[in-house]
Amino acid sequence: MTDDIEYRDYAKGAQPPYLTPNYKSTKVRSPNKPQYKLPRTLTEATGPVFTQDDVPADEWDLSTSATGETALGQLMFMDGVITDEDGRPMANTLIEIWQANAAGRYAHAVDTRDAPLDPNFTGAGRIVTGEDGHYRFKTIRPGAYPVPNYENYWRPPHIHISLFGRSFMSRMITQCYFPGDPLNDECHILQGIPEAVARDRLVMKFDPSVGVNGHALGYRLDLVLRGRRATPMVG
Ligand SMILES: [Fe+2]
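Each position in the sequence shown, counted from 1, maps to that position plus 3 in this note's numbering.
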């Protein structure tokens, strides 16, 4: 298991700095003391392990409510492959997504702003990848939402992503964005990643081949867990 314990370093500028002053959350969570590199052991590299039996099959579809009603908004598929840094498919990876509804509001007690809730949309889904590392969600395009205590700052439409690979070392939290949205250029979180090539890894590609003709748009986002080509992690 030695190969699984050590990962190559991230490329320079490919991850956001711990402290991004325009991104307020980083002020309280960024470390203010020198970091200590923990020795890695088999404990970090060998568990836990998820299987496709751990998640109900219908959780891939966020657009359909428990009563069979369809959520409001632009239907879309989000499709891609999860690989390691050498392009090998990551089987048995738990991928969870959560997002605002089409009006830009989360179905969460903390989100009390004056946009409508959708009774047919909880905004959360999850699947576990098979041997080919492939995942696919059906959902609706989320709306933008304003950030409290900022002057006219809106988060661009985005989908939050959590990945949990075969070990504690392959955990990732990030967000993905929509191509061509003007709010992407104003986003403190996305623009906090120094290198453009790394920012592009968080922008989905419009791809009709993963949509359904006459029914739903398709977007592709391939994800790389760890290593020099890793998908950037933003909270
Ligand atoms: Fe969000």
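Ideal Cβ placement from N, Cα and C applies to all residues, glycine included.
Residue i Cβ short of 6 Å to ligand 3 heavy atom set
i     : result
VAL52 : Ligand 3 is not part of the structure shown, which contains ligand 1 as its ligands.
Residue i versus the options, residue with shortest Cα-Cα distance
i      : options                        : result
ALA147 : LEU120, TYR153, THR115, PRO160 : PRO160
GLY76  : ASN104, ASP56, PRO34           : ASN104
VAL84  : ARG231, LYS208, ASN187         : LYS208
LYS15  : LEU45, LEU120, ALA199          : ALA199
TYR153 : LEU22, ALA17, LYS27            : LYS27
THR29  : HIS191, VAL206, LEU220, LEU228 : HIS191
ALA60  : GLY128, ILE176, SER170         : GLY128
ASP117 : SER165, PRO151, PHE181         : PRO151
ARG204 : GLU189, ALA219, ASN95, ARG229  : ARG229
TRP101 : ALA219, GLY133, ILE176         : ILE176
ASP82  : PHE167, ILE196, THR132         : THR132
THR23  : GLU72, MET93, ILE196, THR234   : ILE196
Rounded C-alpha distance that separates residue i from residue j
i      : j      : result
ARG223 : VAL58  : 22 Å
PRO149 : CYS179 : 17 Å
ASN78  : GLY214 : Reading off the sequence, residue 78 comes out as Leu, not Asn. Cα to Cα, the separation comes out at about 9 Å.
ARG108 : ILE98  : 22 Å
ASP56  : GLY217 : 32 Å
THR67  : HIS163 : 19 Å
PHE124 : PRO42  : 43 Å
GLU62  : PHE140 : 9 Å
VAL206 : ASN187 : 9 Å
LEU120 : ALA110 : 7 Å
ILE143 : GLY183 : 17 Å
HIS137 : TYR39  : 35 Å
TYR156 : ASP225 : 28 Å
GLN194 : ASP114 : 24 Å
PHE181 : SER173 : 25 Å
VAL52  : PRO211 : 33 Å
ARG231 : ARG158 : 28 Å
VAL234 : VAL31  : First, the amino acid is wrong: residue 234 is Thr here, not Val. If I take the Cα positions, the gap works out to 23 Å.
ILE130 : VAL227 : 17 Å
Residues passing the C-beta test against ligand 1 heavy atoms, cut-off 6 Å
ARG158, HIS161, HIS163
What residue ranges within the stretch 41-76 form continuous alpha helix (DSSP H) runs of no fewer than 4 residues, ordered along the chain?
45-48
Contained beta strand (DSSP E) runs [length at least 3] in the stretch 100-142, N- to C-terminal order:
127-131
At 4 residues or longer, what runs of the alpha helix (DSSP H) sit wholly inside the stretch 172-238?
199-203
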